[in-house]
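Chemist:
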Amino acid sequence: GAGVSQSPSNKVTEKGKDVELRCDPISGHTALYWYRQRLGQGLEFLIYFQGNSAPDKSGLPSDRFSAERTGESVSTLTIQRTQQEDSAVYLCASTTLQGSTEAFFGQGTRLTVV
Amino acid sequence: AQSVTQLGSHVSVSEGALVLLRCNYSSSVPPYLFWYVQYPNQGLQLLLKYTSAATLVKGINGFEAEFKKSETSFHLTKPSAHMSDAAEYFCAVSNTGGFKTIFGAGTRLFVKA
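Chains A and B, in that order, give the protein sequences.
Using our numbering, the first residue of the first sequence is number 5, and each one after it goes up by one.
Using our numbering, the first residue of the second sequence is number 21, and each one after it goes up by one.
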């Protein structure tokens, strides 16, 4: 595709429900990142997929958070039993494994837990 | 290992004044360095990047940054601030070898009329 696509753009969910966020990276981008951005805050790294290597999950804040990616395609971030503190914008970015290539970001999914 | 430090979470300048946003990095191998901008309610977009060619890098909207290896810095500057420059700015470091890109905490730029 022309850019990184994230869906939904907005999601309101009730506390305790599970949510699934989707990221379609740029075709051919082997690397994919998920970040969380709370209101007025910086980027909080969540997870990094690097081709067929094991993902770097070091940023996932709890075992309620998980993410999957099959090959170099779509990635989904799942949050189970959502809490109010999960409310944030979730950003996805894709890039190549060439370190000189910048990351291309989606517009994000704004998650509100009520 | 890599890290990025952005000095100053908030910077305020007057319209027409010099913009200087500071970024220092740490990297065990030669780095690639990036500045991204995030306008309100939008995703991040690339302003400029250093990839070991010219040390002075020019980007969009009149911004530029200079890679200084001796100071491990990559500060972002613009000679004359415009109201439309008000945004969040992120510095980032990566390198060849599959190490994940590391972002700084961000600096919010305010431009006063």
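Backbone N, C-alpha and C fix where the C-beta goes; we use that ideal spot for every residue, glycine too.
These numbers were taken from a predicted model, which means no experiment stands behind them.
1. Express the C-alpha separation of V93 of chain A and D28 of chain A in angstroms, rounding to a whole number.
2. Closer than 8 Å, CB to CB, is S114 of chain B near chain D or not?
3. With 7 Å as the limit, tell me which residues of the region 105–116 of chain A have their beta carbon closer than that to any beta carbon of chain B; keep them in chain order.
4. Mind listing, in chain order, the continuous beta strand (DSSP E) runs of no fewer than 3 residues lying wholly within the region 54–78 of chain A?
5. Once you ignore the five residues that flank P59 of chain A on each side, which residues in its own chain have a CB closer than 8 Å to its CB?
6. Mind pulling the chain B residues with CB within less than 8 Å of L95 of chain A?
7. Only counting the same chain, and skipping five residues up and downstream in sequence, which positions put a Cβ closer than 6 Å to that of N14 of chain A?
8. Mapping DSSP to helix, strand and coil, what is D22 of chain A?
9. So, does the CB of F94 of chain B fall closer than 8 Å to a CB anywhere in chain A?
10. Could you please give me the residues that DSSP links to D90 of chain A through a beta bridge?
Modeler: Considering the structure as presented:
1. Within the first sequence, the letter at position 24 stands for residue 28 of chain A. Within the first sequence, the letter at position 89 stands for residue 93 of chain A. If I take the Cα positions, the gap works out to 16 Å.
2. No chain D appears in the structure shown, which is made up of the protein chains A and B.
3. E106, A107, F109, G110, Q111 and G112
4. 69–73
5. Working through the first sequence from its first residue, we reach residue 59 of chain A at position 55. Cβ neighbours of P59 of chain A beyond the five flanking positions: I51, Y52, F53, A71 and R73.
6. Start at 1 with the first residue of the first sequence, and residue 95 of chain A comes out as number 91. Within chain B, the residues near L95 of chain A are G63 and L64.
7. Within the first sequence, numbered from 1, the residue matching residue 14 of chain A stands at position 10. Cβ within range, chain order: R114.
8. Translated into the one-based positions of the first sequence, residue 22 of chain A becomes position 18. DSSP places D22 of chain A in coil when its eight states are reduced to three.
9. In the second sequence, the residue the question calls residue 94 of chain B occupies position 74. So, not an interface residue.
10. To locate residue 90 of chain A, count along the first sequence from 1; it is residue 86. None, per the DSSP bridge assignment.
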